[in-house]
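Working notes for the structure below.
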Amino acid sequence: MKENARRLLFTNCTVWTGDVGSAAAREVLVEGSRIASVAPVVAADRKQGAVVVDCGGATLMPGLVDGHSHLSFLEKADVVDTGFVPVEEHTLQTMHNARRVLLGGFTSCVGASSAKPRLDIVIRNEIKAGRIPGPRLLASTPEITVTGGLGDERLLHMYRESFAVVIDGAEDIRRYVRTMSREGCDIIKLNISGNQTVPNAPPTATIMTDAEIEAAVTTAHAYGKRVMSHARSSESVQLSLKHGIEFLDHCEFADDHTIDMLEEHREQVFLAPAFGLLHNTLYEAARWGITPEKAAAWGLPEQVESCANVYRELRKRGLRVLIGGDYGFAWTPHGTNARDLDHFVKWFGYTPEEALVCGTINGAMAMRMDNEIGRVRDGYLADLIIVRGRPHEDVSCLSTENIFVVLKEGEPHGDFAWRISCATPGEPVALI
Ligand SMILES: [Zn+2]
702 MKENARRLLF
712 TNCTVWTGDV
722 GSAAAREVLV
732 EGSRIASVAP
742 VVAADRKQGA
752 VVVDCGGATL
762 MPGLVDGHSH
772 LSFLEKADVV
782 DTGFVPVEEH
792 TLQTMHNARR
802 VLLGGFTSCV
812 GASSAKPRLD
822 IVIRNEIKAG
832 RIPGPRLLAS
842 TPEITVTGGL
852 GDERLLHMYR
862 ESFAVVIDGA
872 EDIRRYVRTM
882 SREGCDIIKL
892 NISGNQTVPN
902 APPTATIMTD
912 AEIEAAVTTA
922 HAYGKRVMSH
932 ARSSESVQLS
942 LKHGIEFLDH
952 CEFADDHTID
962 MLEEHREQVF
972 LAPAFGLLHN
982 TLYEAARWGI
992 TPEKAAAWGL
1002 PEQVESCANV
1012 YRELRKRGLR
1022 VLIGGDYGFA
1032 WTPHGTNARD
1042 LDHFVKWFGY
1052 TPEEALVCGT
1062 INGAMAMRMD
1072 NEIGRVRDGY
1082 LADLIIVRGR
1092 PHEDVSCLST
1102 ENIFVVLKEG
1112 EPHGDFAWRI
1122 SCATPGEPVA
1132 LI
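The sequence shown lines up with residues 702 to 1133 when you count with my numbering.
This is how it looks when you write it as structure tokens:
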């Protein structure tokens, strides 16, 4: 421990460590950026001089990991509106979103596309440098899509932009992957299947070619980057597996054979259903013009049902599923990302603790940091949240209003940072 590192002792709390069945009354000592001790009672000599935080019976648990994150999405109802935001405003609004997601309990995020090429990259770098608050981020490229695919909002004789880059042909895709690797992205995002919102490429269509995917993935891997696919159709899932793509999103139209294939690759892949957007588009988007009739015309009720069926099966087969529901659209605001946990319980059949594992330990593995985050354990980085309620019994308590404390690498954020700075030496800080 550094001589003057901040020392915080959390008392009067239930600690859920990240492991199923672990909830118990514990004290947690944080020294600097790391967890120094987790014990029924931390030894007196170790906690001497620490700032004592009385958690009032709340639950302390690992910070959450969003496995499908779009920090640069600006909560627009029409993605074309995102395309027309100048880069300066867009950067500042992304910074604002990063803080909201952090205060919503997320200390890490896997980028699932950046709305302009370097937004994820610069926000990741500024967060890492400690100059702005936000979750630790794996920076993604924009969605690489082919003509007529998800994100190609162009129309003949009209100038329109969106959140994607439209590229056709293996060589041009290879060049773009090289460019973005040079710029420092962590993840290459490919839109392999269509989408319910795309007029002539439905979610069951597979529109990126084998050669284009092969070019993207081999190039990405040559630079040490990982690849994420927008893969709703069975064929797009199969192509993702064939080429060694690490992150597969959606997959809700995977047929039985494709589910078997996913199981065979269970050690290599992370799956993100991104169910929050499907759910809210069907049930909570009427005021943005997505009426039940429009949702039905898109086939959303069947898509939601299919997604629930596929992930019920994938849960039984023990695949590594991540939470993260495409937050950043008008009807999926940033900061509400933890709602996905409740969807996992209600729609996919996860127990509350199993859902939390998807949001903590599975997420930590996706970040390749499972020996440092995702658990409350001695020596791990102090990525911790404290929430009013018992999330290991009812995950619906995980909302910004109920999260009193967000600590990332021991650094307090939000109101808690202010309360700690006002603490009187020797007097406990009461959270409730
Ligand atoms: Zn997405």
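The C-beta atom is built at its ideal place from N, Cα and C for all residues, glycine as well.
Cβ-heavy atom distance, aspartate 869 to ligand 1, below 6 Å: no
Cysteine 1008 - DSSP class collapsed to helix/strand/coil: Correct three-state label for cysteine 1008: helix.
Distance between phenylalanine 774 and valine 788 (C-alpha atoms, nearest Å): 12 Å
In DSSP terms, what isoleucine 889 is bridged to: Val928
Separation of threonine 760 from glycine 719, as counted between CA atoms: Rounded to whole angstroms, glycine 719 and threonine 760 show a C-alpha spacing of 12 Å.
Where the alpha helix (DSSP H) containing aspartate 755 begins and where it ends: That residue, aspartate 755, is in no alpha helix (DSSP H); its beta strand (DSSP E) goes 752-755.
Alanine 1031 Cβ short of 6 Å to ligand 1 heavy atom set: no
Residue environment, glycine 990, which counts as buried when at least 16 other CB atoms sit within 10 Å: Glycine 990 comes out exposed.
Secondary structure of proline 763, DSSP reduced to three states: strand
Contacts around tryptophan 999, its chain only, beta-carbon distance under 6 Å, and the 5 residues preceding and following it disregarded: Gln897
Contact shell at 5 Å, judged by CB to any heavy atom of ligand 1, ordered along the chain: Counting every residue whose Cβ lies closer than 5 Å to a heavy atom of ligand 1, we get Ala813, Asp1027.
Residue environment, methionine 859, which counts as buried when at least 16 other CB atoms sit within 10 Å: With a 10 Å radius around the Cβ and a threshold of 16 neighbouring Cβ atoms, methionine 859 comes out exposed.
Through-space distance from cysteine 952 to valine 731, alpha-carbon basis: Valine 731 and cysteine 952: Cα-Cα distance of roughly 40 Å.
C-beta atoms of proline 974 and cysteine 1008 nearer than 7 Å: Yes, Cβ-Cβ distance for proline 974 and cysteine 1008 is below 7 Å.
Residues that threonine 712 bridges to, as DSSP identifies them: Asp755
Beta-carbon gap between glycine 835 and arginine 800 smaller than 7 Å: yes
Same chain, Cβ closer than 7 Å to isoleucine 1024, neighbours up to 5 away in sequence not counted: Asp767, Gly768, Asp1041, Leu1042, Phe1045, Cys1059, Gly1060
Terminal residues of the beta strand (DSSP E) in which glutamate 1112 lies: 1112-1114
Inter-stretch contact (C-beta, 8 Å, three-pair minimum) for the segment 894-910 and the segment 921-928: no
Sequence-distant residues of its chain with Cβ nearer than 6 Å to alanine 778 (five each side left out): Trp989, Ala1031
Short Cβ contact (7 Å threshold) for arginine 1013 with phenylalanine 954: no
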